[in-house]
Amino acid sequence: MNDPTGEKGYPLLFFSINTKWKIGALLTFLVLAISAGFYVWYSQHSSDAAPDSIAGYSYAILGTASLLLAGTLYSIRRRSHKKRALGKLNTALHWHIFFAIIGLVLIFMHSFGNLNPRTGTYALYGLIALVISGLVGRTLDHLIPRLIAGEVQQALTARGEDRIETISQKVQALVAHNTEALSSQPIAVNFADFSSRKQQVMQHRPQTSLEYEEDERPLHTPWDLAYISLEATPQELSRLMPDKHRPLTPSAALMPGAQQHLVELHKVQRAMQREHFYRYIIRYWRLLHIALALLTLGLITWHLIYAAQLLLH
Amino acid sequence: MLKFLEKLHISSPVLLHKPGDQVAQELHACIGCNECLLACPALAEPITIDVLNRETLAGPISAPVARFARACYQCGACIAPCPVGLHRDAMMMWLKVRLLRSSSVGAVPGAYPLEE
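Going down the list, the protein sequences come from chains A and B.
Under the working numbering, think of the first position of the first sequence as 1, with each following residue one higher.
Under the working numbering, think of the first position of the second sequence as 314, with each following residue one higher.
Right under this line is the structure:
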């Protein structure tokens, strides 16, 4: 029965078991059970329990086939332009995980416990690292978006507006209010008034040898001649903030509430930095997984060439 | 650490979240072609795009949409197929934040809508 108030909550550790997951888990368990059962039976009833025995080759072929399917099916499905149904890509991802785990177990059984420093052992280590990176990546994909959501929550107001913008507007209003209190003249809080006052100052500047455009704006105005008023502007926050290095700063320049806003601004900036960092973790863990896959592919190819040479000679 | 990762980035830099007004704008611009959902590897059960858009904007969040929102791992696979250039991942992040805030003490379920 649906809750009329809707679903609530986003716990850090959530787990939803759907039919796909159940089928995948059952299939994995079944294949592992059959493989393990055969492994135990073969080890007890045969004197040739080695990677190059019949059972060893069978495990190797099945394991390699499984790994090939793991490596290609999902990538092909993802890049295919063929119309697919909703949820099929998720199914393909589950198959990818299933084949990868099965492949690792079958290759491990293929070794029959022989972990001498040979090409096969290096390939197996690469495979173990690859599968572990995949499982860790799935865990990160589970946890990190939740952490990102926590940081985004801090960066947005209750109404979903950008908190940095809201704080900046409040601080600007504070500066305007306090500057107005310091000087009796009202100050411009928008850029239109700012530029008109700038033009007034420019008109009273002494003539220089600079070239002027038709509307009397100099072509190359040095930055220090752009604005020479001594009045405090909304942008000059530092002149109005309490400065520890200038004990002679008048107390009237202290802006009540500004420090709290700046602390809050700093918190929001830190939250956004963390969000940035978490997103990079997701991206670069994926790259690591792909890099390990390529490395493992190289090691397996090396092992196959080595094994083929042993067979042929 | 973040600066080190930024220097390493090979492809485009990661995009951060979008505020509510931008998410609302993108939701209204959505043409409902379903390409984003077809490209999503996290979507396990069929959800219609209009239900997803409606529940992202406002109102209570149904169980399938909530499960999808929690499962979304912000891979960005939904961005490239969008013919309008929208950011479904940012909309999903908005849904995540709504779910997160709905679990706060005293929070009103279905609160923080983008539209009244």
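Every residue gets a Cβ at the ideal spot worked out from N, C-alpha and C, and that includes glycine.
This one's a predicted model, so the numbers in the text were calculated from it and none came from an experiment.
Annotated as proximal: A/Tyr10 and B/Lys409, with beta-carbon spacing under 8 Å. The alpha-carbon of B/Ile360 is positioned some 7 Å away from that of B/Pro377. Around A/His110, the same chain offers Pro51, Gly56, Tyr59, Ala60, Gly63 as residues with beta carbons nearer than 7 Å, after the five sequence neighbours per side are excluded. Below the 7 Å Cβ cutoff, chain B contributes Val410, Leu413, Arg414 as neighbours of A/Gln153, in chain order.
A/Leu156 sits in a strand when the DSSP states are folded into three classes. Identification of chain B residues near A/Ala149 by a Cβ-Cβ cut-off of 7 Å yields Met406, Lys409, Val410, Leu413, ordered along the chain.
For B/Arg383, the residues of chain A that pass the 7 Å Cβ criterion are Tyr10, Phe14, in the order they occur in the chain. Collapsing the DSSP output to three states places A/Asp48 in coil. DSSP lists A/Leu156 as the bridge partner or partners of A/Asp162.
Judged by their CB atoms, A/Ile101 and A/Thr28 are nearer to each other than the 8 Å cut-off.
With a beta-carbon spacing of about 44 Å, A/His289 and A/Lys170 fall beyond the 8 Å limit used to define contacts. Against chain A, the CB of B/Gly345 has no partner CB under 8 Å away; the residue lies outside that interface.
Counting the other Cβ atoms within 10 Å of the Cβ of A/Thr72 gives fewer than 16, which makes it exposed. Among the residues of chain A, none has a CB under 9 Å from the CB of B/Pro396; the nearest is roughly 14 Å distant. The C-beta separation of A/Phe14 from B/Arg411 comes to about 15 Å, leaving the pair out of contact by the 8 Å criterion. When C-beta distances to chain B are compared with 7 Å, the residues of the region 79 to 96 of chain A below that value are Arg84, Leu86, Gly87, Leu89, Asn90, Leu93, in chain order. Contacts between A/Glu275 and chain B, judged by CB atoms closer than 8 Å, involve Leu329, His330 in chain order.
Interface annotation, B/Gln387: in contact with chain A, CB-CB separation under 8 Å. The alpha-carbon separation between A/Tyr278 and A/Ser66 amounts to approximately 32 Å. For A/Ile282, the residues of chain B that pass the 8 Å Cβ criterion are Tyr386, Gln387, Cys388, in the order they occur in the chain.
Contact between A/Leu143 and A/Leu12 holds, with the beta-carbon distance rounding to 7 Å and staying under 8 Å.
Counted as a single uninterrupted DSSP element, the alpha helix (DSSP H) harbouring A/Phe99 occupies residues 88 to 111. For B/Glu348, the nearest beta carbon of chain A is not closer than 8 Å to its own beta carbon. The beta carbon of B/Pro354 lies closer than 8 Å to those of Cys388, Ala390 in the same chain, with the five residues before and after it left out. B/Gln335 and B/Arg401 have their C-alpha atoms spaced approximately 12 Å apart. Taking a Cβ-Cβ threshold of 7 Å, the residues of chain A close to B/Ala355 are Asn90, in chain order. Close partners of A/Met272 in chain B (Cβ separation under 8 Å): Leu329.
In the same chain as A/Glu264, and ignoring 5 residues on each side of it, the C-beta atoms closer than 7 Å to its own belong to Ile167, in chain order.
Relative to A/Thr296, the option among A/Asp162, A/Gln273, A/Ala123 whose CA is nearest is A/Ala123. Assignment of B/Glu348 by DSSP, reduced to helix, strand and coil, places it in the helix class. At a beta-carbon threshold of 9 Å, none of the residues of chain A lie near B/Ala371; the nearest stands roughly 11 Å away. Secondary structure of B/Val397 (DSSP, three-state): coil.
Rounded to whole angstroms, the gap between the alpha carbons of A/Phe112 and A/Ala49 is 6 Å. About 6 Å separates the Cβ atoms of A/Gly87 and B/Ala357, confirming a contact at the 8 Å cut-off. The DSSP-derived three-state label of A/Gly71 is helix.
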